[in-house]
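To start, the structure under review is shown below, and the notes come after it.
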Amino acid sequence: MAHHPVEIKPGMHLETATFEGKNKVMGFWMFLGAETVLFACLFGTYLALRNQTVNGPSGAELFDPVLVAVATAILLFSSLTSVFAMMAMNKLDKKGMLFWLGVTVLLGLSFLVLEIYEFVHYIHEGHTFMSSAFGSSFYALVGTHGAHVTFGIIWISTIMYQAWKWGINTETAPKLFVSSLYWHFIDVVWVFIFTLVYLLGMVG
Amino acid sequence: MGTLLIMIVFGLFFAAIFTGGYNNTLIQRARKTTAWDWLTSVDHKKIGVMYFMAGIFYFVVGGLEALFMRYQLLVPGNDAFVGRTFNELLTMHGTTMIFFAAMPLIFGLINVVMPLQIGARDVAFPFLNSLGFWLFFFGALLTNMGWIFGGAPDAGWTSYVQLALNEYSPGPGVDYYVLGLQIAGAGTTMSGINFLVTILNMRTKGMSLLRMPMFTWTSLITSVLIIFAMPPLTIALLLLMMDRLFGANFFDHVMGGSAVLWEHLFWIFGHPEVYIVVLPAFGIMSDIFSTFSKKKLFGYNSMVFATSLIGFLGFMVWVHHMFTVGLGPVSNSIFAIATMLIAIPTGIKVFNWLFTMWGGELTFPVAMKWAIGFIPTFVIGGMTGIMLAAPPADFQYQDSYFVVAHFHYVLIGGTVFALLAGAYYWWPKMFGKMLSERLGNWHFWLFFIGFHLTFFPQHFLGLFGMPRRVFTYEPNVGLEYINQVSTFGAILMGIGTIIFAWNMIQSFRSKKIAAADPWDGRSLEWATETPVPFYNFAQLPEVRGVDAFWLEKQAGNKQMTPAEPLGKIHMPSGSHIPFLMSIALFVGGWGLIARSWQIGVMGLLAFGVTMFMRSFDRDHGFYVKPKELLDKEAKS
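Encoded structure:
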């Protein structure tokens, strides 16, 4: 377990420069594997129950393609900005990194606002968590994703504060890197939600 | 509002005490106690011992529940534990034995032994290791709280819906199951990730994957299974919680829900779980056969391959628990064939063990007796497994005692025998003392004979039509005598376990320190001193092949060749945060069970606070000089 101080140079992969960093990144990939199965189960549940609307509105009646497309674009774009942040991190450009992370968090927040607006709208239409099996499975899947976005926003903000205070080093770099992996992951999950929930729902 | 105020006041009190704001000397004194040392330890050996002892405790609890059930079934129409009480006993027996006995005993052995076997100083994530243990501990505690407050879970360890929904299971019973297992399960997932990264990243110089001891290999495959099998349980429990607590309709067929959905989610977890508990058992057996035959494990590569294949196929067979649901002949046939396929890699393993012993220089200490007893027992369980895998036959066997007999043959004959073998084998490394062989022999023979007396007749109970999970049976249909034999056997197993407990107490009381290598072992754990120093190896060893320590001993070396110069060692610091995190979730979970949303939310918020505490904790461990270095410095 080597624990020697590492010489920090721009352009190096700071996140895996230490042994702890290597472990953390690998462990986080395993965690994302578990998360994949977690979401797969929620997708399975949704696909099994999505036609059980009882007397409530169906997906085809509810979903608004424009709103969802905007939300999707925002989230995809936030993935790109988090890549910019990581590039800035590897150049040891603290200011640039904090800027792009800030943009990522703001985009995440606006996605969340749209989602909450969408949910409130659905509830007025009579599509609630308790209205039918379709409602339960829809909110469980999309809501779990939304909860992940919320957690990501709080997490990335916290680490932004730490990076601002402690700088970019072998302690903060693995944290920044795994939080950006996490952000990409919830982005990918959203792509599947967009396809399997909204697009599939609109064609009926 | 009242509860909220009381909780806030209590919270402030505890915060004041724990931060030393109330009385600093108190906290200073607490930090010096042994209890604080164990509570905050991130040492894999101490966490392993805690897992192991907790596992033994719940093994006794689950065993008592079994004895109560056998007492009820001693005579037809008995009225000792009837109706709901019997349902609670059978539910908690299954839940306790799988989640709170088998899993922690396995995690205990993996924690103590695996890092030593790969030549590491600790696991990859020591903090996460401690958190995993405390989550398991409080999850298990929460599940068992039902016995005292409001009734234990009573819908079976599989908790099938609709039975487990509010309508048929009113009261908090099933809520204890849902939230307790959720908390314990989170800990299990963390440990799986931790073990996997440890094995992949922390091996010492020369310890390539195909030089790892078999126990480490099976730990690796088990960790992979944990990572992919626990999330379906998490989701199943989450959905059940939503249905029971928040009025969702996942499983309520009136509102469009599906009862089969629960069965799928549960068994997509549940079947790999079987391999999660049995693969490490195979690993323990492999190490023991090879050590006490004084031979290299026969067919090492095929053993690795068979383990991986079992792990893979383990995900492909869950529908064999659902043959009678009516999913159709095609799906039943596919899953039947996949199930029977598992017999092939398992057969490879059995023959490899036999050939390991063939021509070996055999000795028969208690550990080896368990291992040899395991083979025929497990093979019987495997044979009934093949019988159950044929769907038309399964329609006859299902929900009868035949199934009970089958899975006790594989779970006790496989997992429990292996864990007891492992306990006798690794006891000197875990505790620095030996277990008595004389008492061990009594333990083995009573338990082994008792086991077969208990469960062999149950095959016939099943074939004669006695349904499982029912608290009584009719007289004069030929079931009395067999049930009495079964209960008698259970008592023998109970006596065997008491002798084991006595053996443990005797070993703790004895002052004699065990030898470092009492069995003439082959793998790296036997190259450490006894008791093992907290940094494990003063210098990490260099590995030259399979059975690394044996090779060195054959080459005439007393010790491993070091792979690094003597120097200061970096070790992680202990932390009390995992304990706080787990308490927070315990409180939150209990709040939800009691339908007190304030306490539930406060528990979750407290958990969030502890996560910030962890994120802002900048303690990166400390450097320590090993004894050897101190000696050297003292000389010069």
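Just so you know, the sequences run in chain order C and W.
By UniProt numbering, the letter at position 80 of the first sequence is numbered 80, and the numbering carries on one by one without gaps.
By UniProt numbering, the letter at position 362 of the second sequence is numbered 362, and the numbering carries on one by one without gaps.
Ideal Cβ placement from N, Cα and C applies to all residues, glycine included.
With 8 Å set as the bound, which would you pick, yes or no: does the beta-carbon of leucine 629 of chain W sit closer than that to a beta-carbon of chain C? no
Is the stretch 73–85 of chain W touching the stretch 159–167 of chain W, taking contact as three or more C-beta pairs under 8 Å? no
Sequence-distant residues of its chain with Cβ nearer than 8 Å to methionine 581 of chain W (five each side left out): Leu131, Trp134, Leu135, Phe607, Thr610, Met611 and Arg614, listed in sequence order.
What distance in whole Å lies between the Cβ atoms of alanine 516 of chain W and glutamate 529 of chain W, which are believed to be in contact at a cut-off of 8 Å? 6 Å
Closer than 8 Å to chain C by CB, serine 258 of chain W: yes
Out of C:Thr45, C:Ser82 and C:Trp190, point me to the one whose CA is closest to glycine 146 of chain C's CA. C:Trp190
Using a C-beta to C-beta distance shorter than 8 Å, which residues of chain C count as neighbours of isoleucine 193 of chain W? Contact note: isoleucine 193 of chain W reaches chain C through Gly27, Met30, Phe31 and Ala34, using a C-beta cutoff of 8 Å and chain order.
For a cutoff of 8 Å on Cβ pairs, would you count leucine 89 of chain W as touching chain C? no
Tell me which residues share the same chain as isoleucine 193 of chain W and place their Cβ nearer than 7 Å to its Cβ, disregarding the 5 neighbours each side in the sequence. Ile227
Separation of aspartate 175 of chain W from arginine 244 of chain W, as counted between CA atoms: 8 Å
Would you kindly report the start and end of the unbroken beta strand (DSSP E) that includes valine 624 of chain W? From DSSP, the beta strand (DSSP E) with valine 624 of chain W extends over 622–624.
Mapping the DSSP letters down to three states, classify isoleucine 569 of chain W as helix, strand or coil. strand
As assigned by DSSP and simplified to three states, the class of serine 302 of chain W: helix
Verify the CB distance criterion: does methionine 1 of chain C have a CB-CB separation below 8 Å to chain W? Low local confidence applies: a pLDDT of 40 at methionine 1 of chain C is under 50, so the model's placement there is unreliable, and no value is given.
Nearest chain C C-beta to proline 231 of chain W closer than 8 Å, yes or no? yes
On the criterion of 16 or more Cβ atoms from any shown chain inside 10 Å, does asparagine 476 of chain W qualify as buried, or is it exposed? exposed
Going along chain W in order, which residues have a C-beta closer than 9 Å to the C-beta of threonine 172 of chain C? Chain W residues near threonine 172 of chain C: none, gap ~11 Å exceeds 9 Å.
Counting only beta-carbon atoms, is asparagine 55 of chain C nearer than 8 Å to chain W? no
Let me know the alpha helix (DSSP H) ranges lying completely inside the stretch 21–73 of chain W, each 4 residues or longer, listed in chain order. 24–31, 34–39 and 44–72
Beta-carbon contacts of proline 391 of chain W that lie in its chain and below 6 Å, excluding the five residues immediately before and after: So the list reads Phe323, Asn332 and Ala336, once near-sequence residues are dropped.
Whose CA, out of W:Asn87, W:Pro115, W:Glu88 and W:Leu89, lies closest to the CA of isoleucine 47 of chain W? W:Pro115
Secondary structure of serine 293 of chain W, DSSP reduced to three states: helix
For proline 562 of chain W, which beta-bridge partners are listed by DSSP? W:Pro541
Ordered along the chain, which non-local residues of its own chain (more than five positions away) have a Cβ less than 7 Å from that of leucine 220 of chain W? Leu196 and Ile199
Using a C-beta to C-beta distance shorter than 9 Å, which residues of chain C count as neighbours of threonine 189 of chain W? Phe31 and Ala34
Could you check whether the Cβ of threonine 18 of chain C sits closer than 8 Å to any Cβ belonging to chain W? no
Note down, in chain order, every chain W residue with its Cβ under 8 Å from the Cβ of phenylalanine 134 of chain C. Per Cβ cutoff of 8 Å: Gly256.
Outcome for aspartate 631 of chain W when other beta-carbon atoms lying within 10 angstroms are tallied against a minimum of 16: exposed
Closest by C-alpha distance to methionine 97 of chain W, when choosing among W:Gln72, W:His408 and W:Phe246: W:His408
Under the DSSP definition of a beta bridge, which residues are partnered with proline 467 of chain W? W:Ser400
Would DSSP call alanine 2 of chain C helix, strand or coil? Because the pLDDT of alanine 2 of chain C is 43, which lies under 50, any placement of that residue in the model is unreliable, and the question is left without a value.
Span of the alpha helix (DSSP H) around arginine 50 of chain C: Careful: arginine 50 of chain C lies outside any alpha helix (DSSP H) and carries neither H nor E.
Residues of chain W with a CB under 9 Å from the CB of methionine 130 of chain C: which are they? Those within 9 Å of methionine 130 of chain C in chain W are Phe246, Gly247, Ala248, Asn249 and Met255.
Can you round the beta-carbon distance between valine 278 of chain W and threonine 377 of chain W to whole angstroms, since I take them to be within the 8 Å contact cut? Incorrect: roughly 12 Å between the Cβ atoms, too far for contact.
Given a cut-off of 8 Å, decide if phenylalanine 134 of chain C and leucine 42 of chain C are closer than it, judged by their beta-carbon atoms. Between leucine 42 of chain C and phenylalanine 134 of chain C, the C-beta spacing is not below 8 Å.
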